[in-house]
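Take a look at the structure below.
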Amino acid sequence: MDVLYFAWVRERIGLPKERVETSAATVIALVEELRAREDRYGAAFADLSALRVAVDQELVDFDAPLAGAREVAFFPPMTGG
Amino acid sequence: MDVLYFAWVRERIGLPKERVETSAATVIALVEELRAREDRYGAAFADLSALRVAVDQELVDFDAPLAGAREVAFFPPMTGG
Amino acid sequence: MRIVVQEAGFDAGRELTRFSARSGAGDPGIGAIVSFTGVVRDTAKGTLEVMQIEHYPGMTEAALTKIAQEAMTRWVLGDVLVIHRFGQLAPGDQIMMVATSSAHRKDAFEAAEYLMDYLKSRAPFWKKEILRDGAQWVGARDEDEDALGRWD
Amino acid sequence: MRIVVQEAGFDAGRELTRFSARSGAGDPGIGAIVSFTGVVRDTAKGTLEVMQIEHYPGMTEAALTKIAQEAMTRWVLGDVLVIHRFGQLAPGDQIMMVATSSAHRKDAFEAAEYLMDYLKSRAPFWKKEILRDGAQWVGARDEDEDALGRWD
Numbered sequence: 004m005d006v007l008y009f010a011w012v013r014e015r016i017g018l019p020k021e022r023v024e025t026s027a028a029t030v031i032a033l034v035e036e037l038r039a040r041e042d043r044y045g046a047a048f049a050d051l052s053a054l055r056v057a058v059d060q061e062l063v064d065f066d067a068p069l070a071g072a073r074e075v076a077f078f079p080p081m082t083g084g
Numbered sequence: 004m005d006v007l008y009f010a011w012v013r014e015r016i017g018l019p020k021e022r023v024e025t026s027a028a029t030v031i032a033l034v035e036e037l038r039a040r041e042d043r044y045g046a047a048f049a050d051l052s053a054l055r056v057a058v059d060q061e062l063v064d065f066d067a068p069l070a071g072a073r074e075v076a077f078f079p080p081m082t083g084g
Numbered sequence: 328m329r330i331v332v333q334e335a336g337f338d339a340g341r342e343l344t345r346f347s348a349r350s351g352a353g354d355p356g357i358g359a360i361v362s363f364t365g366v367v368r369d370t371a372k373g374t375l376e377v378m379q380i381e382h383y384p385g386m387t388e389a390a391l392t393k394i395a396q397e398a399m400t401r402w403v404l405g406d407v408l409v410i411h412r413f414g415q416l417a418p419g420d421q422i423m424m425v426a427t428s429s430a431h432r433k434d435a436f437e438a439a440e441y442l443m444d445y446l447k448s449r450a451p452f453w454k455k456e457i458l459r460d461g462a463q464w465v466g467a468r469d470e471d472e473d474a475l476g477r478w479d
Numbered sequence: 328m329r330i331v332v333q334e335a336g337f338d339a340g341r342e343l344t345r346f347s348a349r350s351g352a353g354d355p356g357i358g359a360i361v362s363f364t365g366v367v368r369d370t371a372k373g374t375l376e377v378m379q380i381e382h383y384p385g386m387t388e389a390a391l392t393k394i395a396q397e398a399m400t401r402w403v404l405g406d407v408l409v410i411h412r413f414g415q416l417a418p419g420d421q422i423m424m425v426a427t428s429s430a431h432r433k434d435a436f437e438a439a440e441y442l443m444d445y446l447k448s449r450a451p452f453w454k455k456e457i458l459r460d461g462a463q464w465v466g467a468r469d470e471d472e473d474a475l476g477r478w479d
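Here's what the structure looks like:
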């Protein structure tokens with residue numbers, strides 16, 4: 004599955020996109036897997052209330068299922084306009 | 004004093020502006036004087052709730068004083084925009 | 328602040344460009360520009376031939392200026408533009424325009440709506456529809472008068 | 328409906344002219360056209376050098392399209408335009424624009440405000456201010472999130 008990072012999430016993790024092999028059933032399970040990897044993930048995912056997530060380009064909650072998902076993206080609250 | 008008429012008030016009275024010699028103390032007193040003149044004034048001033056009035060180009064109520072006024076205008080509710 | 332009452336047509340796009348240039352380039356605090364353009368609408372199902380707009384020269388400019396000044400008192404605005412035509416217009420013609428600029432979108436939107444609400448019911452313009460088979464003065468709508476209550 | 332996400336600048340006046348031509352001339356029922364233009368504002372007291380706008384290609388277009396479609400469902404609109412830039416912008420640059428057309432001013436204004444409120448908080452854009460002496464991501468404001476409550 005492709006995992007994308009934007010804005011300061013991208014800066015903390017140090018890359019915009021990576022391929023992740025996972026059997027995580029939900030977004031939050033994927034977050035836990037990433038957090039366990041390296042400190043930079045811990046730093047990026049320290050406060051989930053400051054983060055938003057999209058699965059296949061649709062905004063979802065952190066307990067959303069990942070079955071069949073091709074792309075997950077993490078980013079801060081949006082500031083368009 | 005100059006008396007001006009706009010929109011259908013002008014059409015009913017048949018002219019856009021006339022010079023009126025009057026000692027009327029208020030707008031409503033002026034209206035009564037005009038009404039007594041000719042039927043066309045009666046037709047124009049039949050329903051005061053359908054009319055608006057400006058004294059010296061400021062919207063006022065019908066009981067407004069006319070002392071010192073140079074110009075009085077009668078017209079229907081405005082429909083700009 | 329710019330108030331224009333004219334018979335001639337105007338180009339809303341070019342007016343917006345001019346207004347934005349004065350608002351944005353001149354003032355680093357401007358973040359939001361709102362424009363409203365009114366268009367002559369054929370509510371008579373294709374039978375409207377001409378919209379005649381009558382106004383009260385002198386009072387019109389004074390009333391529009393007063394409305395614009397009140398908007399600049401109520402909101403922190405960079406600038407205000409009001410253009411209103413009179414005379415003979417055809418369906419689809421641009422009849423009037425307002426524009427506002429401000430730091431924030433909420434102020435720019437509210438001020439533009441305020442200008443429109445007051446311009447509708449407090450500026451001395453009257454519209455007459457010349458139809459294929461007759462003519463009629465456009466009546467004031469209760470909802471336009473009611474809209475003013477929002478700003479009390 | 329026209330949704331544009333681009334790095335290049337745009338001319339809000341020319342876009343309004345195009346939008347009005349499509350809306351007014353093509354549709355005799357259109358009486359009201361509202362536009363909103365967003366401008367890069369220097370909130371850092373003259374120290375803003377560049378505003379970097381990042382977005383999520385693919386999702387951005389989908390999110391803006393969904394927001395515009397929702398507006399066209401809620402109000403009877405002639406047309407909707409949304410333009411949003413990304414990349415490096417300077418203070419005073421036009422960053423985005425929306426336009427709406429409708430029979431009545433109330434619908435055109437409300438739909439434009441709806442588009443802005445959702446675009447602010449639900450379209451995947453992020454802003455970073457490059458200042459003379461540092462850089463910072465622009466944080467989401469509570470009042471922008473709260474603004475969405477108006478449309479529930």
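Chains A, B, C and D supply the protein sequences, listed in that same order. FYI, the numbering for the first sequence is 4 to 84, going by my numbering. FYI, the numbering for the second sequence is 4 to 84, going by my numbering. FYI, the numbering for the third sequence is 328 to 479, going by my numbering. FYI, the numbering for the fourth sequence is 328 to 479, going by my numbering. Backbone N, C-alpha and C fix where the C-beta goes; we use that ideal spot for every residue, glycine too. Quantities reported herein were computed from a predicted structural model and do not represent experimental measurements.
- Secondary structure note for Tyr445(D): its alpha helix (DSSP H) is the uninterrupted segment Arg432 to Arg449.
- For Arg432(D), the chain C residues whose Cβ falls inside 7 Å of its Cβ are Phe363 and Met443, in order along the chain.
- At a Cβ-Cβ threshold of 8 Å, Ala76(B) and Tyr383(C) count as neighbours.
- Note on geometry: alpha-carbon atoms of Ser347(C) and Ala339(D) lie some 9 Å from one another.
- Taking 8 Å as the threshold, the shortest C-beta distance from Met424(D) to chain A does not fall below it.
- Between the alpha carbons of Pro79(A) and Thr25(A) lies a distance of about 23 Å.
- Fewer than three pairs of CB atoms, one per stretch, sit closer than 8 Å, so the region 366-376 of chain D makes no contact with the region 429-437 of chain D.
- In the DSSP annotation of this structure, Ala359(D) is not part of any alpha helix (DSSP H); the continuous beta strand (DSSP E) holding it starts and ends at Ala359 to Val366.
- Not flagged as an interface residue toward chain A: Leu375(D), since no C-beta distance is shorter than 8 Å.
- Look at the region 71-84 of chain A: the residues with a C-beta under 8 Å from a C-beta of chain D are Ala76, Phe78, Pro79, Pro80, Met81, Thr82, Gly83 and Gly84.
- Taking each of Ala417(C), Arg349(C), Met399(C) and Leu408(C) in turn and checking the Cα distance to Val366(C), the smallest one comes out for Ala417(C).
- Bridge pairing for Asp5(A): Arg22(A) and Glu74(A) [DSSP].
- Assigned with DSSP and collapsed to three states, Gly356(C) falls in coil, not helix or strand.
- Secondary structure at Arg412(C): strand, using DSSP grouped into helix, strand and coil.
- Using a Cβ-Cβ cut-off of 8 Å, Phe436(C) does not count as an interface residue toward chain B, since no Cβ of chain B sits closer than that to its own.
- Out of Glu381(D), Ile380(D), Thr387(D) and Gln379(D), the CA that lies nearest to the CA of Ala57(A) is found in Thr387(D).
- Between Leu7(B) and Lys20(B), the C-beta gap is smaller than 8 Å, which places the two residues in contact.
- As the crow flies, the alpha-carbon of Val409(C) is around 54 Å from that of Ile31(A).
- For Ala450(C), the closest C-alpha among the options Ala70(B), Asp64(B) and Arg55(B) is that of Arg55(B).
- Of the residues assessed, Arg13(B) falls on the buried side of the cut-off, its CB having 16 or more other CB atoms within 10 angstroms.
- Ile330(C) is bridged by DSSP to Val409(C).
- When Asp42(A), Val34(A) and Ala67(A) are compared, the shortest CA-CA separation from Leu51(A) is found for Val34(A).
- Distance from Phe337(C) to Gln421(C) at the Cβ level is roughly 7 Å; contact confirmed, criterion being Cβ atoms closer than 8 Å.
- The criterion of a C-beta distance shorter than 8 Å is not satisfied by Ala398(D) and Leu343(D).
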